[in-house]
Amino acid sequence: MKTRQTMSPMTRFPSFLLVLFSATLLIACSEDEPSSMTHYFNPLWTPDGNTVVAGYLQGPEGPIDPPAGNTDPPGTLAVMDMATRSERIITLPAVSTVHELYAFDPSGKALAFIESDAIYFYDLTGSLLLRHQSAEGGIPVVMDFGNSGNSMLWIGSTPEGYTVNTIQYDPGTWSVENQLTMMTLQKDASVEALRHTSQRSFAIRFDNGRIVEYDFNGTVLNTFTSIPFETVNPWHKRLMYFSRNGERAIYIRDGEGLKRLDLVSGLPRLLVKGEVIDMDISATRSSMVYETTTGDVWIATVEGSPLTRIAPQNLMPRISPADNGIAMVERVDRYTDSLHVLRLR
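Residue numbers for the sequence shown, in the numbering used here: 6 to 350.
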């Protein structure tokens, strides 16, 4: 299996210098009768910005965007090394990777998934590091790592309601050292997303449109109402936390467009109406990137004012936590994707 990288001229715009390169997996197909398809899904950076991973699907012709949970394990993952600009494919036997949520632990050594009734940690060779199936707390639904330390917050589903849990793990032995159930919530709506908003607070998105920020002691800090929408990609419903110079906010996509939920004032604000599909944000660069319904990717200010269109026919933009790049998927045609990275300097 071969890879190809291409380099385009540098493009300059306010606060960014970008160099575009792409890795395109070559597949055996003809223009008239393609025998296979190649697609990437939801790029994710390691915390240090040295590696990009993405869900990967190659096989007979089929739907471009199958619903989450519609491709059974084993899953495959594309792993791009930023130093060598090379790409390899790994297999993860117990989890799905197409339109499924996954997250790196703070060290970047483990990639965590929820599959069926357990939480799985894999390294980037495809080796299983940890499988955690809790005796308490219910069936895992969503999870989120803190910014530091070896801990995870996760929500479990039980017949009585949802539980909010933390686990402490040892990255030396990849074993769970401690688990604590902090609170139980009523199950009057389904949980869709979870995000830390500080070391002692978090926000939950529910499918009825409510987004609630809680203190670890159970106190409700903020409640917002969003407009529900349908999507096959659960990444579209994630909560993106923003903190800068005393500002604290969550950015979301909903049925109205792209919104900023101010955690200090408790007020929501519509920034981009209607056309947003996916987005990501960088506090250090005071900028965000979003994908539109026309298949274009724009960089904008954190207030939603567009700065420049950086990539037509690209999807699922993700900014590196190290602020050294933007990863996205270029949909070459209905059979073929390539994984693109814009290098930021």
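Backbone N, C-alpha and C fix where the C-beta goes; we use that ideal spot for every residue, glycine too.
Beta strand (DSSP E) containing residue i: first to last residue?
i	result
F229	V225 to T230
Y219	R215 to D220
S292	S292 to T297
Y127	A123 to Y127
V302	D301 to T306
A198	V196 to S203
E120	L116 to E120
D283	V281 to S287
L320	N319 to I324
F234	Premise fails: F234 is in no beta strand (DSSP E) and is neither H nor E.
Which of the three DSSP states is assigned to residue i in this structure?
i	result
W159	strand
P48	strand
K242	helix
G330	strand
S310	coil
V142	The residue you asked about is not Val; residue 142 is Gly in the sequence shown. Looking at G142 - three-state DSSP - the assignment turns out to be coil, as it is neither helix nor strand.
S208	Just to set this straight, residue 208 is Ala in the shown sequence, not Ser. Correct three-state label for A208: strand.
Y340	coil
V147	strand
H345	strand
T43	strand
S20	Below a pLDDT of 50, predicted positions are generally treated as unreliable, and S20, at 46, falls in that range; no measurement from the model is reported.
L249	With the sequence shown as reference, residue 249 is identified as Arg, and Leu is not the correct amino acid for it. Three-state DSSP puts R249 in a strand.
G154	coil
Going by DSSP, what residues sit across from residue i in a beta bridge?
i	result
L266	I255 and P273
T81	Y61 and T96
D86	T56 and S91
L134	Paired residues: none, contrary to the question.
E335	N319 and S343
M188	V169
D175	S180
With hydrogens ignored, establish whether the beta-carbon of residue i is closer than 7 angstroms to any heavy atom of the ligand ATP.
i	result
F46	This structure simply doesn't include the ligand ATP, nor any ligand for that matter.
Determine the burial state of residue i: buried for a count of at least 16 other Cβ atoms within 10 Å of its Cβ, exposed for fewer.
i	result
N183	exposed
A208	buried
T299	exposed
V337	exposed
L268	buried
F118	buried
S292	buried
T43	buried
D283	buried
T130	exposed
L347	buried
P145	buried
A88	exposed
R386	No answer is possible for residue 386: it lies beyond the span of the chain, which begins at 6 and ends at 350.
R339	exposed
I232	exposed
D212	exposed
R350	exposed
D342	buried
N222	exposed
G309	buried
Taking Cβ positions only, does residue i come closer than 8 angstroms to chain D?
i	result
T171	Included in the structure is just one protein chain, with no chain D present.
Inset, instruction - Determine, using beta-carbon pairs with one atom in the region 311-325 and one in the region 261-272, whether at least three such pairs fall under 8 angstroms. - result: no
Legend entry - the region 171-183 / the region 150-161 touching (three or more Cβ pairs under 8 angstroms): yes
Legend entry - Inter-stretch contact at 8 angstroms, needing at least 3 Cβ pairs: the region 331-350 / the region 48-60: yes
Legend entry - Contact between the region 224-232 and the region 279-296 (3+ Cβ pairs under 8 angstroms): no
Legend entry - Touching by the beta-carbon criterion (3+ pairs, under 8 angstroms), the region 91-105 and the region 140-150: no
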